[in-house]
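Since the structure comes first, as structure tokens, the remarks are kept for the end.
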Amino acid sequence: MDVQTQEKWDRASRTYDFFGAVDNKRLGLEKQRLLAKAQGKTLHVAAGTGNDFKFFPPGMHIVSIDISPKMLARAKIKAATYNGTIELREADVHSLDYPDSTFDTVATVFTFCSVPQPITGLRELYRVLKSGGRILMLEHVRSTAIGPLGIMMDLMSQLTRRFGPELNRDTVANVQRAGFRLRRVENIYPDIVRSIEAVKD
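Sequential numbering of the sequence shown, starting at 147, is according to the numbering used here.
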């Protein structure tokens with residue numbers, strides 16, 4: 147377990163609901179559109195305080211993990227209101243305690259801007275996903291469409307990584323490096339957020 151990362155997100159849990167509410171106002175429809183595609187046994191990576199639970203289809207069995215026990219303590223309240231089953235687990239995405247080919251779907255929302263070793267984490271998700279299974283991602287990424295914006299994100303990330311995300315990741319390329327085959331990539335705002343669907347062949 148990455149203790150430094152765990153402590154960072156334990157601290158962040160105190161204000162996480164505020165920023166989550168802002169995200170939901172801006173991107174709630176995008177979250178719902180993406181997570182509506184989840185099927186079968188689903189692994190949700192980075193539960194946070196549970197702000198995204200309501201965007202999953204009803205009646206599912208979801209395993210929702212987070213590295214922060216303080217995040218999970220808050221998420222427990224929202225999990226109880228979900229019309230289905232949400233199993234909360236403390237876990238580090240770099241090393242998951244699940245057998246190969248366990249899940250039908252993996253979902254992440256603003257997660258891999260914060261995972262310290264993103265390719266390692268994505269390869270672990272590839273391992274626990276069944277053949278033919280899908281990963282659904284909504285992620286902050288570095289802008290490539292607007293040069294000055296990308297440079298600004300590089301500079302901002304030197305500060306933001308201390309208390310939260312890195313804003314300048316190339317998550318689409320990392321997904322491919324981890325072995326997934328891309329099925330859809332959609333730019334949002336104008337391209338600093340991307341909706342990504344990929345499959346394990």
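Built from N, CA and C at the ideal position, the CB exists for glycine as well.
Remember, predicted model here, so these are calculated numbers, not experimental data.
* **Exposure of residue 335, with buried meaning 16 or more beta-carbon neighbours within 10 Å** => Position 189 of the sequence shown, counted from the start, is the residue given in the question as residue 335. Label assigned to residue 335: exposed.
* CB-CB under 6 angstroms to residue 204, same chain, minus the five flanking residues each way: which ones, in chain order? -> Stepping through the sequence shown from its first residue, residue 204 is reached at position 58. These residues qualify, in order along the chain: 229 and 230.
* To do: Within 10 angstroms of the Cβ of residue 264, are there 16 or more other Cβ atoms? Answer buried if so, exposed if not.
  => Working through the sequence shown from its first residue, we reach residue 264 at position 118. Note on residue 264: 16 or more other CB atoms within 10 angstroms of its CB, so buried under the neighbour-count rule.
* Please list, in chain order, all residues of the same chain as residue 178 whose beta carbon is under 6 angstroms from its beta carbon, the five residues on each side excluded. => Indexing the sequence shown from 1 puts residue 178 at position 32. Counting only Cβ-Cβ distances below 6 angstroms, and skipping sequence neighbours, we find 201.
* Can you tell me which of the three DSSP states residue 276 falls into? => The sequence position of residue 276 within the sequence shown is 130, counting from 1. The three-state reading of DSSP puts residue 276 in strand, counting E and B together.
* To do: Determine the direct distance from the alpha carbon of residue 252 to that of residue 271, and round the result to whole angstroms.
  => Within the sequence shown, numbered from 1, the residue matching residue 271 stands at position 125. Within the sequence shown, numbered from 1, the residue matching residue 252 stands at position 106. Each residue's alpha carbon lies about 7 angstroms from the other.
* **4-residue-minimum alpha helix (DSSP H) runs that sit fully inside the stretch 241-275, ordered along the chain** => Entirely contained in the stretch 241-275, the alpha helix (DSSP H) runs reaching 4 residues are, in chain order, 264-274.
* Neighbour flag for residue 153 against chain D, beta carbons, 8 angstroms -> Here chain D cannot be found, since the structure has a single protein chain.
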